[in-house]
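Notes follow once the structure below has been shown.
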Amino acid sequence: SEIKSLLRHPDFVKELNAEALKPYMTFQYPAMGETFFKGVYKLPEGHYFIYRDGKMDVRRYYDERFRESDQRLDELVGSIDRTVCDSVKAHQIADVEVGSFLSSGVDSSYVAAVARPEHTYSIGFGKGTYNESQQAGELAELLKLNNTAESLTDEEAFAAFPRIQWHLDEPDSNPSCVPLYFLSALAAKDVKVVLSGEGADELFAGYIDYGVHTKVKAIKVVTRWLQHLPAGARHAIARFCKGKTFHGAWHLYSNLAPAEESFIGQARVFEESESDKLLKPEYRKAPSVRSIVDKTYARVEGKGLSELKKKQYLDMHQWMPGDILLKADKMTMAHSLELRVPLLDKELMGVAEKVPTKYLITDENTKYAFRQAAGKHLPKEWYDREKLGFPVPIRKWLREEKFYKYVRSVFERDYVSRFFDQDALLRMIDDNYTGKTDDRRKIWTVYSFLTWYDVYFVHDGTKPEVIDID
169 SEIKSLLRHP DFVKELNAEA LKPYMTFQYP AMGETFFKGV YKLPEGHYFI
219 YRDGKMDVRR YYDERFRESD QRLDELVGSI DRTVCDSVKA HQIADVEVGS
269 FLSSGVDSSY VAAVARPEHT YSIGFGKGTY NESQQAGELA ELLKLNNTAE
319 SLTDEEAFAA FPRIQWHLDE PDSNPSCVPL YFLSALAAKD VKVVLSGEGA
369 DELFAGYIDY GVHTKVKAIK VVTRWLQHLP AGARHAIARF CKGKTFHGAW
419 HLYSNLAPAE ESFIGQARVF EESESDKLLK PEYRKAPSVR SIVDKTYARV
469 EGKGLSELKK KQYLDMHQWM PGDILLKADK MTMAHSLELR VPLLDKELMG
519 VAEKVPTKYL ITDENTKYAF RQAAGKHLPK EWYDREKLGF PVPIRKWLRE
569 EKFYKYVRSV FERDYVSRFF DQDALLRMID DNYTGKTDDR RKIWTVYSFL
619 TWYDVYFVHD GTKPEVIDID
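Be aware that the sequence shown starts at 169, since it is given in the numbering used here, and climbs by one per residue.
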């Protein structure tokens, strides 16, 4: 499962896959079947292969089958909770102690509340917005759990970044890789196995990018009514709203437009036109973002799915395996820690497939039915809490002199001009530092790639030491 294991083989020719860079700049993770290493491919999710007589036969063994149930909400909620409880108990079976990650979000909190493990683990940066460990500690106290929390300094987080990219094998600019790496190290001091909450957002529609772009109830109500119009009328209204700046325009567009036109997944860092301006010509030749997502959308074409379920399907087949689960596996295994994800159990997937669209996202919240199930084990302020993600202070870092100077020094290296318009890249980081722009995600995405390239191609894949930026 690690590409780096191939590097030592005498017949392996290491070559950068030039086509991988441009899509990565939009998606923030390697979005193609062929990896960043030319000739190295991933086995697609839900597939297995048989290798016989020099031939490889790749076959699908699993795919989602959305069949909306006519059950009442309370019946669905009960089914979700029973299946979550069964899955958590099954995932706790081990010859060693099983711990659990615990954040301020509903997913890991639900898992921990059901599991009641001996140890839970939380992490964050400093105080305030970027530290969920205090809130996690409050829940642990309420549930009478033994929670171990740690606060990271900006310096130690930044210093470990090259090593994090080494463990990832391919560049990934999801900022949550950083705290997850340290959280895994923290847990590995006590346990060999941990439970986590990955999967609930995809299965039960927890992302705001599925169409929650306003808090104004009137706009939500109008949008909900418009969703019942014929497809032609919905799409015409969506086209009118696209690009408009009035409040609610993006909410209307994202809910009324065809998913195939409006949604490429949970990350959209660079627009393709922006990538073309920054990349050197030889790296602009790559599959388009649209061609990449269309292959997935094509598998559910004509199946009568709602636009929301199409978005879920895309995320289950691209974002989840390409980013969420990959970084979770790599960051935990970096510390020889086994990660188990009970919310992605096949039985729970079967339940999630039946939840009607109207019970996934409501005017009240995302993953509504799932939250109601979690409410059987958590107080309302926990199961009804807005999704935060894994907050990482990259905005602060890139406007603090020593971090800015270090990243800029990376952008100044000779090999950078092979890939990018170096002058444009330096203007981008300078303008961000002075507050003229806010391009933190773009800068971090480029920095992640260059860090990875330095590790695997400049230094030939040698495990890097922790860097000193002072």
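Virtual Cβ for every residue (Gly too), placed ideally from N, Cα, C.
Starting from His415, trace the beta strand (DSSP E) in both directions and tell me its first and last residue. It is not in any beta strand (DSSP E) - His415 carries neither H nor E in the DSSP assignment.
Report, in whole angstroms, the separation of the C-beta atoms of Glu440 and Thr194, which I expect to be a contact under 8 Å. 6 Å
Cβ-Cβ distance between Val361 and Val461 below 8 Å: no
Here's a check: name, in chain order, each residue in its chain whose Cβ is nearer than 6 Å to the Cβ of Glu515, leaving out the five neighbours to either side. Thr251
If we call anything under 8 Å between Cβ atoms a contact, is Ala502 one with Tyr349? yes
Once DSSP output is grouped into helix, strand and coil, what is the label at Val245? helix
Indicate whether Lys190 and Ser459 have their beta-carbon atoms separated by less than 8 Å. no
For Ile291, the first and last residue of its enclosing beta strand (DSSP E): 287-293
Starting from Ser443, trace the alpha helix (DSSP H) both ways and give me its first and last residue. 440-446
Measuring alpha carbon to alpha carbon, tell me which of Ile291, Ile635, Ala368 ends up nearest Cys345. Ile291
Tell me whether Trp612 is buried or exposed, calling it buried when 16 or more other Cβ atoms sit within 10 Å of its Cβ. buried
For Phe372, count neighbouring Cβ atoms within 10 angstroms of its own Cβ and tell me buried if that reaches 16, exposed if not. buried
From the DSSP secondary-structure annotation, give me the bridge partner or partners of Thr316. Tyr289
Leu528 beta carbon less than 8 Å from that of Tyr536: yes
In the DSSP assignment, find the beta strand (DSSP E) that holds Arg228 and state where it starts and stops. 223-228
Would the stretch 217-234 count as touching the stretch 245-263 if we require 3 or more Cβ pairs under 8 Å? no
Return helix, strand or coil for Arg467, following the three-state DSSP convention. helix
How is Tyr219 classed by DSSP in three states: helix, strand or coil? strand
Taking the beta carbon of Gly201 as the centre, do at least 16 other beta carbons fall within 10 Å, making it buried, or is it exposed? exposed
Rounded separation between Phe625 and Lys172 - CA only: 12 Å
Glu569, enclosing alpha helix (DSSP H) - first and last residue: 569-579
When we look at the beta-carbon of Ser456 and count the other beta-carbons within 10 Å, is it buried (16 or more) or exposed? exposed
I need the DSSP call for Val523, collapsed to helix, strand or coil. coil
Option nearest Arg609 by Cα separation, candidates Ser341, Ala328, Glu183, Val584: Ser341
What are the partner residues of Glu324, as DSSP defines its beta bridges? Glu324 pairs with nothing; no bridge assigned.
Quick check: the Cα distance between His287 and Leu566, rounded to an integer number of angstroms? 35 Å
Nearest to Pro449 by alpha carbon, out of Gln434, His419, Gly400, Ser585? Ser585
Near Tyr601, which residues of its chain fall below 7 Å by C-beta distance, leaving aside the five closest residues on each side in sequence? Leu566, Arg567, Tyr572
Quick check on the burial criterion: 16 or more other C-beta atoms within 10 angstroms. Buried or exposed for Lys478? buried
Pull the bridge partners of Arg508 from the DSSP assignment, please. Leu363
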